[in-house]
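Enquirer:
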Amino acid sequence: MKEDILVQALNVRKYFPAGQRMMRGGGQAKVHAVDDVSIEVRARETLGLVGESGCGKSTLGRCIVRLHDLTGGTVSFEGRDISRLSRRQLRPLRREMQMVFQDPYASLNPRKRVGTIISDPLRIHRQGGRTQIRDRVAELVELVGLSTEHLNRYPHEFSGGQRQRIGVARALALHPKLIIADEPVSALDVSIRAQVINLLDDLQDELGLTYIFIAHDLGVVRHVSDRIAVMYLGKIVEISPADDLYAAPVHPYTEALLSAVPVPDPDLSERREQIVLEGDVPSPVEPPPGCRFAPRCRYATEICRSEEPPLIPRRGPEHPAACHHPLNGR
Amino acid sequence: MGEPLLEVRDLRVSFRTDDGLVQAVNGVSFEVSEGETLGIVGESGSGKSVTMMSVMRLITDPNARFDGSVIYKGRDLMKLSKKAIREVRGAEIAMIFQDPMTSLNPVYRVGWQIAEQIRAHEPVSAHAARARAVELLSAVGIPNPEHRVEDYPHQFSGGMRQRVMIALALSCSPSLLIADEPTTALDVTIQAQILRLIKKLREETGSAIVLITHDMGVVADIADRVAVMYAGRLVEQGTKREIFYDPQHPYTWGLLGSIAHLARPRPRRLTAIPGAPPSLLALPGGCAFADRCSSRFDRCAAEFPELISRDGAADGHLDACHLTPALKRERRTAALNGDRT
Numbered sequence: 001m002k003e004d005i006l007v008q009a010l011n012v013r014k015y016f017p018a019g020q021r022m023m024r025g026g027g028q029a030k031v032h033a034v035d036d037v038s039i040e041v042r043a044r045e046t047l048g049l050v051g052e053s054g055c056g057k058s059t060l061g062r063c064i065v066r067l068h069d070l071t072g073g074t075v076s077f078e079g080r081d082i083s084r085l086s087r088r089q090l091r092p093l094r095r096e097m098q099m100v101f102q103d104p105y106a107s108l109n110p111r112k113r114v115g116t117i118i119s120d121p122l123r124i125h126r127q128g129g130r131t132q133i134r135d136r137v138a139e140l141v142e143l144v145g146l147s148t149e150h151l152n153r154y155p156h157e158f159s160g161g162q163r164q165r166i167g168v169a170r171a172l173a174l175h176p177k178l179i180i181a182d183e184p185v186s187a188l189d190v191s192i193r194a195q196v197i198n199l200l201d202d203l204q205d206e207l208g209l210t211y212i213f214i215a216h217d218l219g220v221v222r223h224v225s226d227r228i229a230v231m232y233l234g235k236i237v238e239i240s241p242a243d244d245l246y247a248a249p250v251h252p253y254t255e256a257l258l259s260a261v262p263v264p265d266p267d268l269s270e271r272r273e274q275i276v277l278e279g280d281v282p283s284p285v286e287p288p289p290g291c292r293f294a295p296r297c298r299y300a301t302e303i304c305r306s307e308e309p310p311l312i313p314r315r316g317p318e319h320p321a322a323c324h325h326p327l328n329g330r
Numbered sequence: 331m332g333e334p335l336l337e338v339r340d341l342r343v344s345f346r347t348d349d350g351l352v353q354a355v356n357g358v359s360f361e362v363s364e365g366e367t368l369g370i371v372g373e374s375g376s377g378k379s380v381t382m383m384s385v386m387r388l389i390t391d392p393n394a395r396f397d398g399s400v401i402y403k404g405r406d407l408m409k410l411s412k413k414a415i416r417e418v419r420g421a422e423i424a425m426i427f428q429d430p431m432t433s434l435n436p437v438y439r440v441g442w443q444i445a446e447q448i449r450a451h452e453p454v455s456a457h458a459a460r461a462r463a464v465e466l467l468s469a470v471g472i473p474n475p476e477h478r479v480e481d482y483p484h485q486f487s488g489g490m491r492q493r494v495m496i497a498l499a500l501s502c503s504p505s506l507l508i509a510d511e512p513t514t515a516l517d518v519t520i521q522a523q524i525l526r527l528i529k530k531l532r533e534e535t536g537s538a539i540v541l542i543t544h545d546m547g548v549v550a551d552i553a554d555r556v557a558v559m560y561a562g563r564l565v566e567q568g569t570k571r572e573i574f575y576d577p578q579h580p581y582t583w584g585l586l587g588s589i590a591h592l593a594r595p596r597p598r599r600l601t602a603i604p605g606a607p608p609s610l611l612a613l614p615g616g617c618a619f620a621d622r623c624s625s626r627f628d629r630c631a632a633e634f635p636e637l638i639s640r641d642g643a644a645d646g647h648l649d650a651c652h653l654t655p656a657l658k659r660e661r662r663t664a665a666l667n668g669d670r671t
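Each protein sequence line maps, in turn, to chains A and B. Following our numbering, the numbering of the first sequence begins with 1 at its first residue and continues without gaps. Following our numbering, the numbering of the second sequence begins with 331 at its first residue and continues without gaps.
Here you go:
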């Protein structure tokens with residue numbers, strides 16, 4: 001049984017020009033933010049994208065909704081290649097794909113009332129007359145757990161959690177199919193975080209949404225996701241069903257990443273053997289040859305430093321990893 | 331444990347603002363013994379940073395008002411002169427902040443900054459201070475310390491910069507280290523490195539640590555005792571095991587219940603605490619958490635719950651909730667386990 005595929009990314013590459021100081025031998029140096037990444041997103045699933053800062057998870061998300069132009073590769077949405085469409089051609093597609101951003105303080109215009117913020121997308125895309133728009137906005141604020149009396153207020157009058165609800169309402173205004181949530185809860189306090197996660201969960205059930213959930217908090221990602229893709233230095237190193245990832249990580253980087261997360265349980269925290277990675281992530285301007293994780297990997301051998309491992313099934317077809325020496329698999 | 335190294339008694343901090351008086355810290359009392367690690371947890375605005383900044387006398391806002399006492403090794407820090415407190419700071423009590431980029435001076439080489447700190451407190455030559463700086467950088471795990479002392483803060487990565495901050499804090503072998511969200515700005519694998527480093531140095535130097543954090547995982551990893559803050563007050567205090575395995579206050583249940591655990595089967599829903607923290611401009615007369623608490627009853631709004639031991643035993647496990655111990659045990663099970671499939 002093959003589920004419907006909503007988004008298909010094939011060999012996506014996104015390079016950014018690096019600063020002039022990086023110039024070498026006359027050629028312009030490039031930051032390899034996303035380097036040859038292929039992944040599909042299935043309708044109505046939540047795909048989690050995890051990795052540390054600079055791994056390319058946000059860039060990949062933005063490439064998928066074409067907030068970035070691609071350096072190479074293709075992105076298809078509902079079977080249609082959208083990677084070369086012009087801005088104008090993209091406009092109708094913007095209704096289908098929306099984003100929720102990390103910082104609820106920076107992503108809402110402080111000079112606009114909440115009612116205007118939520119109704120702007122409806123007006124821009126000419127979704128009905130005044131009364132229709134007013135009704136839809138009322139429906140939206142209720143959906144995200146706010147009330148219509150909030151509509152005349154400005155963003156600064158709200159707490160972080162409420163602002164994130166406003167951001168979600170705006171994203172939902174045009175009945176999108178896909179929502180890219182880029183660290184939607186990392187700026188929020190723990191108790192508020194759970195409220196917003198539960199809200200996103202409910203909305204998905206109710207509206208049949210597909211999420212790409214980008215975050216660095218593995219606990220949160222595991223909680224919301226059906227499948228999780230782990231990124232390191234511009235590459236996907238492993239894709240796994242959410243529960244299998246923690247139970248049986250295949251890539252050594254995933255193993256180390258999971259092991260680094262502090263366990264909020266004193267007994268468990270004491271008992272476990274923690275893997276602490278040495279050093280920092282290498283520069284994405286000149287990524288190491290072969291496997292990019294090899295310089296920090298405790299299992300690395302000669303082949304890892306010379307040959308790039310392909311992302312292939314290692315623990316059944318649903319659990320591919322890019323490693324020459326896979327753990328918990330073959 | 332022996333005599334308390336630090337004893338904070340009924341600390342109150344308020345700020346005069348255009349909108350009225352903000353009660354940031356509202357009668358906080360706790361102790362830190364020699365060599366122990368106390369974790370202070372709470373959400374933004376709960377007063378955890380203001381409490382420790384006040385202990386260090388680092389709040390210079392003319393609109394701030396302080397009451398209560400902070401006894402460190404027998405002296406009340408609140409009564410010390412500016413000169414005397416400066417001698418305590420750095421030499422006796424040192425602090426690490428969340429963001430090492432803003433707490434290091436960008437225009438001086440890191441070696442110079444460490445050496446200057448040493449020379450401010452000890453009569454040593456510039457040469458000797460520099461040699462100590464190299465030793466300290468090496469102790470906190472910075473590769474090539476002889477060369478790195480010549481670098482500026484921006485030449486270090488985030489994790490390395492936090493190591494420099496730790497070297498700076500340890501330069502005068504303080505008896506007490508205050509770490510305010512020391513790993514919050516770092517990636518998890520780097521956080522693991524820094525926490526391991528702090529634990530190793532704690533073993534070697536025996537300093538006491540007050541760790542301010544919102545991450546229960548970090549607390550479980552590193553603290554001996556835990557104090558939970560809410561709206562400027564301590565609502566619960568106890569050993570790490572008491573807080574995690576026998577939590578008494580509904581707010582603590584909420585904090586523990588809202589964690590998305592990696593190592594446990596996932597619940598269908600996370601237990602969220604409804605609503606938001608109260609405004610510090612107009613704190614309710616009774617329990618500040620009552621509005622968000624599903625176990626509240628008449629007494630909660632009427633009477634302020636003191637932070638005391640309620641289960642009869644004269645131990646250090648204190649909480650500020652009117653519910654009886656039996657009722658607490660009954661109610662918390664649901665709150666902690668959430669909704670499991």
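Glycine included, each C-beta is placed from N, C-alpha and C at the ideal position.
For residue 144 of chain A, I'd like the list of residues in its chain whose CB is within less than 7 Å of its CB, leaving aside the five on either flank, ordered along the chain.
Expert: As a working note, residue 144 of chain A is residue 144 in the first sequence. 165, 168, 169 and 199.
Enquirer: When we look at the beta-carbon of residue 413 of chain B and count the other beta-carbons within 10 Å, is it buried (16 or more) or exposed?
Expert: Mapped onto the second sequence, residue 413 of chain B falls at position 83. So residue 413 of chain B counts as exposed.
Enquirer: So which residues on chain A does residue 570 of chain B lean against when the C-beta distance must stay under 9 Å?
Expert: In the second sequence, counting from the first residue as 1, residue 570 of chain B sits at position 240. The contacting residues are 266.
Enquirer: If you measure from the beta carbon of residue 671 of chain B to each beta carbon in chain A, is any gap under 8 Å?
Expert: As a working note, residue 671 of chain B is residue 341 in the second sequence. Annotation note: pLDDT 37 at residue 671 of chain B (below 50); position unreliable, coordinate value reported separately. Not an interface residue.
Enquirer: Tell whether a beta-carbon distance below 8 Å holds between residue 136 of chain A and residue 173 of chain A.
Expert: Counting from 1 along the first sequence, the entry for residue 136 of chain A is found at position 136. Counting from 1 along the first sequence, the entry for residue 173 of chain A is found at position 173. Against a cut-off of 8 Å, the Cβ pair of residue 173 of chain A and residue 136 of chain A comes out as a contact.
Enquirer: Does any residue of chain A have a CB that is nearer than 8 Å to the CB of residue 489 of chain B?
Expert: Your numbering for residue 489 of chain B matches position 159 in the second sequence. Taking Cβ atoms only, chain A reaches closer than 8 Å to residue 489 of chain B, which makes this a yes.
Enquirer: Going along chain B, which residues have a C-beta under 8 Å from residue 201 of chain A?
Expert: Locating residue 201 of chain A in the first sequence gives position 201, counting from the first residue. The contacting residues are 599.
Enquirer: May I have the straight-line CA-CA distance separating residue 266 of chain A from residue 73 of chain A, to the nearest angstrom?
Expert: Here the question's residue 266 of chain A lines up with position 266 in the first sequence. Here the question's residue 73 of chain A lines up with position 73 in the first sequence. Distance between the alpha carbons of residue 266 of chain A and residue 73 of chain A: 46 Å.
Enquirer: What residues from chain A crowd round residue 546 of chain B, counting only those whose CB sits closer than 7 Å?
Expert: For the purposes of this step, residue 546 of chain B is taken as residue 216 along the second sequence, with counting starting at 1. Neighbours of residue 546 of chain B on chain A, chain order: 264.
Enquirer: Look up residue 438 of chain B in the DSSP assignment and say whether it is helix, strand or coil.
Expert: Here residue 438 of chain B is taken as the residue at index 108 of the second sequence, counted from 1. In this structure, residue 438 of chain B counts as coil in the three-state DSSP scheme.
Enquirer: Quick test of the definition: if touching needs 3 or more C-beta pairs under 8 Å, does the region 351 to 360 of chain B touch the region 517 to 527 of chain B?
Expert: no
Enquirer: For chain A, find out if any of its Cβ atoms is closer than 8 Å to the Cβ of residue 664 of chain B; answer yes or no.
Expert: Counting from one through the second sequence, the residue named residue 664 of chain B turns up at place 334. Cβ-Cβ to chain A under 8 Å: no for residue 664 of chain B.
Enquirer: Please list the segments of the beta strand (DSSP E) lying wholly inside the region 149 to 230 of chain A, counting only runs of 3 or more residues, in order along the chain.
Expert: 178 to 182 and 210 to 214
Enquirer: Does any residue of chain A have a CB that is nearer than 8 Å to the CB of residue 511 of chain B?
Expert: One-based indexing of the second sequence puts residue 511 of chain B at position 181. It does not; no Cβ of chain A falls within 8 Å.
Enquirer: Which one of A:69, A:59 and A:125 has the shortest CA to CA distance from residue 91 of chain A?
Expert: As a working note, residue 91 of chain A is residue 91 in the first sequence. Looking at the Cα atoms, A:125 is the closest of the given residues.
Enquirer: Hey, quick one: how far does the alpha helix (DSSP H) through residue 266 of chain A stretch, first residue to last?
Expert: Position 266 of the first sequence, counted from the first residue, corresponds to residue 266 of chain A. Per DSSP, the unbroken alpha helix (DSSP H) holding residue 266 of chain A starts and ends at 266 to 271.
Enquirer: With a threshold of 16 other CB atoms inside 10 Å of the CB of residue 667 of chain B, please say whether the residue is buried or exposed.
Expert: If you number the second sequence from 1, residue 667 of chain B lands on position 337. Looking at its Cβ environment, which holds fewer than 16 other Cβ atoms inside 10 Å, residue 667 of chain B is exposed.
Enquirer: Taking the Cβ atom as the reference point for each residue, do residue 6 of chain A and residue 209 of chain A lie within a distance shorter than 8 Å?
Expert: Counting from 1 along the first sequence, the entry for residue 6 of chain A is found at position 6. Counting from 1 along the first sequence, the entry for residue 209 of chain A is found at position 209. Not closer than 8 Å, so no.
Enquirer: Could you confirm whether any beta carbon from chain B is found closer than 8 Å to the beta carbon of residue 195 of chain A?
Expert: Numbered from 1 along the first sequence, position 195 holds the residue referred to as residue 195 of chain A. Yes, contact with chain B.
Enquirer: What are the partner residues of residue 344 of chain B, as DSSP defines its beta bridges?
Expert: Translated into positions along the second sequence, residue 344 of chain B becomes position 14. Answer is B:353 and B:395, bridged to residue 344 of chain B.
Enquirer: Which residues mark the beginning and the end of the alpha helix (DSSP H) in which residue 30 of chain A is found?
Expert: Indexing the first sequence from 1 puts residue 30 of chain A at position 30. Here residue 30 of chain A belongs to no alpha helix (DSSP H); instead the beta strand (DSSP E) covers 30 to 42.
Enquirer: Under 8 Å by Cβ, that's how I've got residue 501 of chain B and residue 466 of chain B pegged, so tell me the actual separation to the nearest angstrom.
Expert: Looking up residue 501 of chain B in the second sequence gives position 171. Looking up residue 466 of chain B in the second sequence gives position 136. Approximately 6 Å separates the beta-carbon atoms of residue 501 of chain B and residue 466 of chain B; this is inside 8 Å, confirming the contact.
Enquirer: Return the CA-CA distance between residue 115 of chain A and residue 103 of chain A, expressed in angstroms with no decimal places.
Expert: Here residue 115 of chain A refers to the residue found at position 115 when the first sequence is read from its first residue. Here residue 103 of chain A refers to the residue found at position 103 when the first sequence is read from its first residue. Between residue 115 of chain A and residue 103 of chain A, the C-alpha separation is close to 19 Å.
Enquirer: Looking at the structure shown, is residue 77 of chain A part of a helix, part of a strand, or coil, going by DSSP?
Expert: Taking the first residue of the first sequence as position 1, residue 77 of chain A is located at position 77. The answer is strand: DSSP assigns residue 77 of chain A an E or B state.
Enquirer: Using a Cβ-Cβ cut-off of 8 Å (strictly less than) and excluding sequence neighbours within five positions of residue 428 of chain B, which residues of its own chain qualify?
Expert: Here residue 428 of chain B is taken as the residue at index 98 of the second sequence, counted from 1. So the list reads 510, 511, 512, 514 and 515, once near-sequence residues are dropped.
Enquirer: Tell me whether residue 390 of chain B sits in a helix, a strand or coil according to DSSP, three-state version.
Expert: Taking the second sequence and counting its residues from 1, the one referred to as residue 390 of chain B is at position 60. Coil, per DSSP.
Enquirer: May I ask you to list the residues that DSSP assigns as paired with residue 557 of chain B?
Expert: Indexing the second sequence from 1 puts residue 557 of chain B at position 227. Answer is B:370 and B:567.
Enquirer: Could you pull out every residue in the same chain whose Cβ sits closer than 6 Å to the Cβ of residue 231 of chain A, ignoring the five residues on either side in sequence?
Expert: For this step, residue 231 of chain A is matched to residue 231 along the first sequence. Cβ within range, chain order: 51, 55, 56 and 57.
Enquirer: Among A:206, A:223, A:205 and A:207, which one has its Cα closest to the Cα of residue 213 of chain A?
Expert: Position 213 of the first sequence, counted from the first residue, corresponds to residue 213 of chain A. Comparing Cα-Cα distances from residue 213 of chain A to each of A:206, A:223, A:205 and A:207, the minimum goes to A:223.
Enquirer: Please work out which residues of its chain come closer than 7 Å, Cβ to Cβ, to residue 187 of chain A, disregarding the five sequence neighbours upstream and downstream, and give them in chain order.
Expert: Taking the first residue of the first sequence as position 1, residue 187 of chain A is located at position 187. If we look at residue 187 of chain A and ignore the five residues flanking it on each side, its Cβ neighbours are 102, 103, 104 and 160.
Enquirer: Just checking: is the beta-carbon of residue 693 of chain B within a distance shorter than 8 Å of some beta-carbon in chain A?
Expert: Since the first residue of chain B shown is 331 and the last is 671, residue 693 of chain B is not available in this structure.
Enquirer: Are the C-beta atoms of residue 373 of chain B and some chain A residue less than 8 Å apart?
Expert: By one-based count along the second sequence, residue 373 of chain B stands at place 43. For residue 373 of chain B, the answer is yes, since a Cβ of chain A falls inside 8 Å of its Cβ.
Enquirer: Cβ closer than 8 Å: which chain B residues qualify as neighbours of residue 222 of chain A?
Expert: Here residue 222 of chain A corresponds to residue number 222 of the first sequence, with the count starting at 1. Neighbours of residue 222 of chain A on chain B, chain order: 590, 592 and 596.
Enquirer: Identify each residue in the region 35 to 53 of chain A for which the Cβ-Cβ distance to at least one residue of chain B is less than 8 Å, and report them in chain order.
Expert: So the close ones are 52 and 53.
Enquirer: Throw me the rounded Cβ distance for the residue 538 of chain B and residue 365 of chain B pair, which I believe falls under 8 Å.
Expert: Indexing the second sequence from 1 puts residue 538 of chain B at position 208. Indexing the second sequence from 1 puts residue 365 of chain B at position 35. Contact check for residue 538 of chain B and residue 365 of chain B: beta-carbon distance about 6 Å, within the 8 Å limit, so the pair qualifies.
Enquirer: Mind listing the chain A neighbours of residue 391 of chain B? Cutoff is C-beta to C-beta under 8 Å, in chain order.
Expert: Taking the first residue of the second sequence as position 1, residue 391 of chain B is located at position 61. Neighbours of residue 391 of chain B on chain A: none; closest Cβ ~22 Å, over 8 Å.
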